[in-house]
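Student: What follows is a single structure, and I will ask about it in a moment.
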Amino acid sequence: MTLNLVSVYAPQSGCEESVKEKFWEDYDCLLMNLQDSEEVYVGGDFNGHVGRESDGYERVHGGWGLGNRNAYGEALLQAACAFDLAITNTWFKKKEEHLITYKSGHHATQIDYFLVRRRSLCCVKNCKVLPGEALVAQHRLVVMEVKLSVSTRNSQTRPPPKTR
30 MTLNLVSVYA PQSGCEESVK EKFWEDYDCL LMNLQDSEEV YVGGDFNGHV
80 GRESDGYERV HGGWGLGNRN AYGEALLQAA CAFDLAITNT WFKKKEEHLI
130 TYKSGHHATQ IDYFLVRRRS LCCVKNCKVL PGEALVAQHR LVVMEVKLSV
180 STRNSQTRPP PKTR
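Position 66 of the sequence shown, counted from 1, bears residue number 95 in my numbering, the numbering being contiguous throughout.
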């Protein structure tokens with residue numbers, strides 16, 4: 030099994046439209062070049078709000094997001110649908126404090142996400158924010174717990190020992 034770990038940082042809302050388009054083109058290209066048999070875990074700051082409700086995105090949004098959807102969140106949901114990736118943050122019911130990934134003053138949002146292939150969602154045991162942990166002043170640590178099943182292959186098949 031090949032596991033691809035992808036870290037992203039999407040352009041902020043104030044960036045030029047061409048920069049945002051380039052990000053999504055590069056993101057799409059990267060995902061298109063993966064084999065269907067390969068696993069992919071994507072994590073990072075998408076600078077978008079997918080919102081509380083799944084509203085038409087039930088296959089990729091679990092219905093447990095935060096706040097209202099915006100255009101960047103819509104773009105993330107569309108990309109998730111195109112590549113059949115589930116946004117794991119939205120599949121686990123949490124207190125609001127465990128959904129907020131970015132907090133600055135009175136502004137609290139969810140913009141950092143983990144995504145996995147939809148078929149691998151059953152392996153994700155939890156996805157949550159650790160409110161007391163911050164990588165930088167505003168961003169909170171997001172943790173995804175995954176149960177991996179790895180089969181081992183015997184490098185050499187040996188016949189059973191002969192007995193007399």
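All residues carry an ideal CB built from backbone N, CA and C; glycine is no exception.
This one's a predicted model, so the numbers in the text were calculated from it and none came from an experiment.
Taking just the CA atoms, how far does Asp-141 sit from Lys-154?
Tutor: Cα-Cα distance, rounded: 18 Å.
Student: I'd like to confirm the pairing. Which residues does DSSP put opposite Gly-94 in its beta bridges?
Tutor: Answer is none; Gly-94 lacks a bridge partner.
Student: Just the C-alpha distance for Val-179 and His-135, rounded to the nearest angstrom, thanks.
Tutor: Taking the straight line joining both Cα atoms gives about 44 Å.
Student: So, using beta-carbon positions, are Thr-130 and Cys-156 closer together than 8 Å?
Tutor: Result no, Cβ atoms of Thr-130 and Cys-156 do not sit closer than 8 Å.
Student: Report the rounded CA-to-CA distance for Phe-121 versus Gly-91, giving the unit in angstroms.
Tutor: Straight-line Cα distance between these residues: approximately 7 Å.
Student: For a quick check, are the C-beta atoms of His-78 and Thr-138 less than 8 Å apart?
Tutor: Result yes, Cβ atoms of His-78 and Thr-138 sit closer than 8 Å.
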